[in-house]
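Residue numbers (my numbering): 664 to 1005.
Every residue, glycine too, gets a C-beta built ideally from N, C-alpha and C.
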Amino acid sequence: MWFMLTCPPGLEDIVELELREKFGSTDVVLKPFNIQGRVLVDIRSSNVNELLSLKSIHHIRRYISTFNVSSSKDGLKEIYDGVYSLDLSEFLPKTASFRVTSERIGVHEYTSIDVQRVAGQAIVDKYGNKVDLDNFDVEVIVDIIHDKCVVCISVSRESLHKRHYRVFDHPAALRPTIAYGMVRLSNPLDGNVFVDPMVGGGTILIEAALYMGSKLKLYGFDINERFLDGARANAEAAGVLSIINFSKGDCTKLSNYIRDVDRIVTNPPYGIRMEPRIGIKKLYFMFASEAYKCMNSGGRLVTITLKEGVMRKALLNSNFNIVHERYILHGDLRAKIFVAEK
664 MWFMLTCPPG LEDIVELELR EKFGSTDVVL KPFNIQGRVL VDIRSSNVNE LLSLKSIHHI
724 RRYISTFNVS SSKDGLKEIY DGVYSLDLSE FLPKTASFRV TSERIGVHEY TSIDVQRVAG
784 QAIVDKYGNK VDLDNFDVEV IVDIIHDKCV VCISVSRESL HKRHYRVFDH PAALRPTIAY
844 GMVRLSNPLD GNVFVDPMVG GGTILIEAAL YMGSKLKLYG FDINERFLDG ARANAEAAGV
904 LSIINFSKGD CTKLSNYIRD VDRIVTNPPY GIRMEPRIGI KKLYFMFASE AYKCMNSGGR
964 LVTITLKEGV MRKALLNSNF NIVHERYILH GDLRAKIFVA EK
């Protein structure tokens, strides 16, 4: 049984890592049909509920079919015909209401609303089910990704990136799925001293705590007391406050507070929603220098930024070795993740 999982584009391999850990040897396809932020997996129906525990994904969808579509207006008839030809009776009992949701990526002579209209009409014409946009029983996903139409049935009503512990919303919060991915990229080991020196709402440390628990020695610093209080509230809601040490501290003076650090994972200001008082460039350079100073040999730093040129120079200037970098999409923002080692 094939399922289409959605995730932050750029972290598909983290989804595969989780799937391998949970299900062992199974068929996994990253970026199927060259679609970023998608992972196809073949699992037994008895294991479907286990997908809900994955930390790196947003949505779970039962995969139905993919077919080619034109970018011209002719594509709408192709979508109608393609959806009409599918056997959706397994998912659409006669009394079930439904809605069609569509994401469209690429240049087309039609909109996602047009796609929803013609796909919905195909289902009504074939099965006679009623459309209900708000109180639907079944959600049919009809995505148009460049020249492909991908049809799925939604399994997860709400995005799994919405964690229950987010009782405090930081103004520049990192999505928990991305935070989890960054934790995994840091490859933490039992007993590691794990630090977030710009802790914000605590998302990275909370995801690390939920992943490895008390096997890590977790420390979070922030210069803003209100953010620290919010991080503590989030950690308490997640049930991990007792294993995270939160303290007031300036990331540009990190070595004054802690030494012998094994892992630093952090989401510094991008200069969009929040602008540091000393400016982005000075902040990045001073932070990188302090991170190197307090880190053990062989330690690893993972960070994310929109200012990739500045961060790269800051890391190299502090003698870090950049071992990996990748682009990801954080909402609509194209950010760069750096992995560096001492």
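What residue ranges within the stretch 733-798 form continuous alpha helix (DSSP H) runs of no fewer than 4 residues, ordered along the chain? For the stretch 733-798, whole alpha helix (DSSP H) runs of length 4 or above, ordered along the chain, are 737-748 and 775-790.
Checking 9 Å against the spacing of the C-beta atoms, do Tyr670 and Val702 come in under that value? The sequence shown places Cys at residue 670, not Tyr. Yes, these two residues count as a Cβ contact at 9 Å.
Apart from the five residues on each side of it in sequence, which residues of its chain come closer than 6 Å, Cβ to Cβ, to Ile807? Excluding sequence positions up to five before and after Ile807, its CB lies within less than 6 Å of the CB of Arg767 and Val778, all in the same chain and listed in chain order.
Can you list, in chain order, the residues of its chain with a C-beta nearer than 8 Å to that of Ala872? Leave out the 5 residues immediately preceding and following it. The residues are Leu879, Leu881, Ala898, Ala901, Val903, Ile906 and Ile907.
Which first and last residues belong to the beta strand (DSSP E) in which Gly962 is found? Here the beta strand (DSSP E) through Gly962 covers Met958 to Thr968.
Coarse secondary structure for Arg975, derived from DSSP in three states: In this structure, DSSP gives Arg975 a helical state, which the three-state scheme calls helix.
May I ask you to list the residues that DSSP assigns as paired with Asn984? Residue pairing from DSSP places Asn984 in a beta bridge opposite Glu1004.
DSSP bridge partner residues for Tyr828 (one or two, in chain order): The partner list for Tyr828 (beta bridge, DSSP) is empty, contrary to what the question assumes.
Count the C-beta pairs between the stretch 745-762 and the stretch 817-827 that are closer than 8 Å, then say yes if the count reaches three, no if not. The stretch 745-762, when compared against the stretch 817-827, does not touch it at the 8 Å Cβ threshold.
Can we count Val818 as close to the ligand SAH, meaning its CB is less than 8 Å from some heavy atom? As presented, the structure is devoid of all ligands, the ligand SAH included, so that no description of it is given.
Quick check: the Cα distance between Glu772 and Val814, rounded to an integer number of angstroms? In a straight line, the C-alpha of Glu772 is about 20 Å away from that of Val814.
Among Tyr990, Leu755, Ala1003 and Glu1004, the one whose alpha carbon lies nearest that of Gly700: Nearest of Tyr990, Leu755, Ala1003 and Glu1004 to Gly700, Cα basis: Tyr990.
For Glu802, report the span of its beta strand (DSSP E) as first-last. Residues Val801 to Ile808.
Pick out whichever of Tyr843, Phe754 and Lys736 has its Cα sitting closest to the Cα of Tyr790. Of the candidates Tyr843, Phe754 and Lys736, the one whose C-alpha sits nearest the C-alpha of Tyr790 is Phe754.
With respect to the alpha helix (DSSP H) encompassing Asn1008, which residues constitute its N-terminal and C-terminal limits? An answer regarding residue 1008 cannot be provided, because it is not within the stretch 664 to 1005 covered by the chain.
Close beta carbons around Glu681, own chain, < 6 Å, minus the five adjacent residues each side: Counting only Cβ-Cβ distances below 6 Å, and skipping sequence neighbours, we find Leu717 and Ser719.
What residues are listed by DSSP as bridge partners for Lys999? Paired residues: Thr968 and Tyr990.
Assign Leu917 to buried or exposed, taking buried as 16 or more other Cβ atoms, counted over all protein chains shown, within 10 Å of its Cβ. Buried, since its Cβ has 16 or more Cβ neighbours within 10 Å.
Strand pairing of Ile816, partner residues [DSSP]: Beta-bridge annotation (DSSP): Ile816 is paired with Arg725 and Val803.
Just mark Arg683 as buried or exposed, buried being the case when its beta carbon has 16 or more other beta carbons within 10 Å. The residue is exposed, with fewer than 16 neighbouring Cβ atoms inside 10 Å.
Would you report the Cα separation of Glu953 and Ile985, rounded to the nearest angstrom? If you take the alpha carbons of Glu953 and Ile985, they lie about 16 Å apart.
State buried or exposed for Asp853, treating a residue as buried only when at least 16 other CB atoms are found within 10 Å of its CB. So Asp853 ends up on the exposed side.
Drop a sphere of 10 angstroms on the beta-carbon of Lys970, count the other beta-carbons inside from all chains shown, and report buried for 16 or more, exposed for fewer. By the neighbour-count rule (16 or more Cβ atoms within 10 Å), Lys970 is buried.
Since Lys685 is in the alpha helix (DSSP H), which residue starts that stretch and which ends it? Glu675 to Phe686 is the extent of the alpha helix (DSSP H) around Lys685.
Taking DSSP as the reference, what is the three-state secondary structure of Val862? When DSSP states are grouped into helix, strand and coil, Val862 belongs to the coil group.
Would you list the residues sitting across from Leu715 in a DSSP beta bridge? Leu715 has no beta-bridge partner at all, per DSSP.
Measure from the alpha carbon of Gly738 to the alpha carbon of each residue in Val691, Asn712, Val805 and Asp797, then state which is nearest. Minimum Cα-Cα distance from Gly738 among the listed residues Val691, Asn712, Val805 and Asp797 corresponds to Val805.
For Ser877, the three-state DSSP class (helix, strand or coil): Three-state DSSP puts Ser877 in a helix.
Measuring alpha carbon to alpha carbon, tell me which residue in Arg889, Ile886, Asn887 and Pro839 is nearest Leu868. Measuring C-alpha to C-alpha distances from Leu868 to each of Arg889, Ile886, Asn887 and Pro839 identifies Pro839 as the nearest.
Range covered by the beta strand (DSSP E) that runs through Met667: Where Met667 is concerned, the enclosing beta strand (DSSP E) stretches over Trp665 to Thr669.
For a test of the three-state rule: what should DSSP assign to Ile906, helix, strand or coil? The answer is helix: DSSP assigns Ile906 an H, G or I state.
Check for me: the beta strand (DSSP E) holding Thr929 runs from which residue to which? Where Thr929 is concerned, the enclosing beta strand (DSSP E) stretches over Val924 to Thr929.
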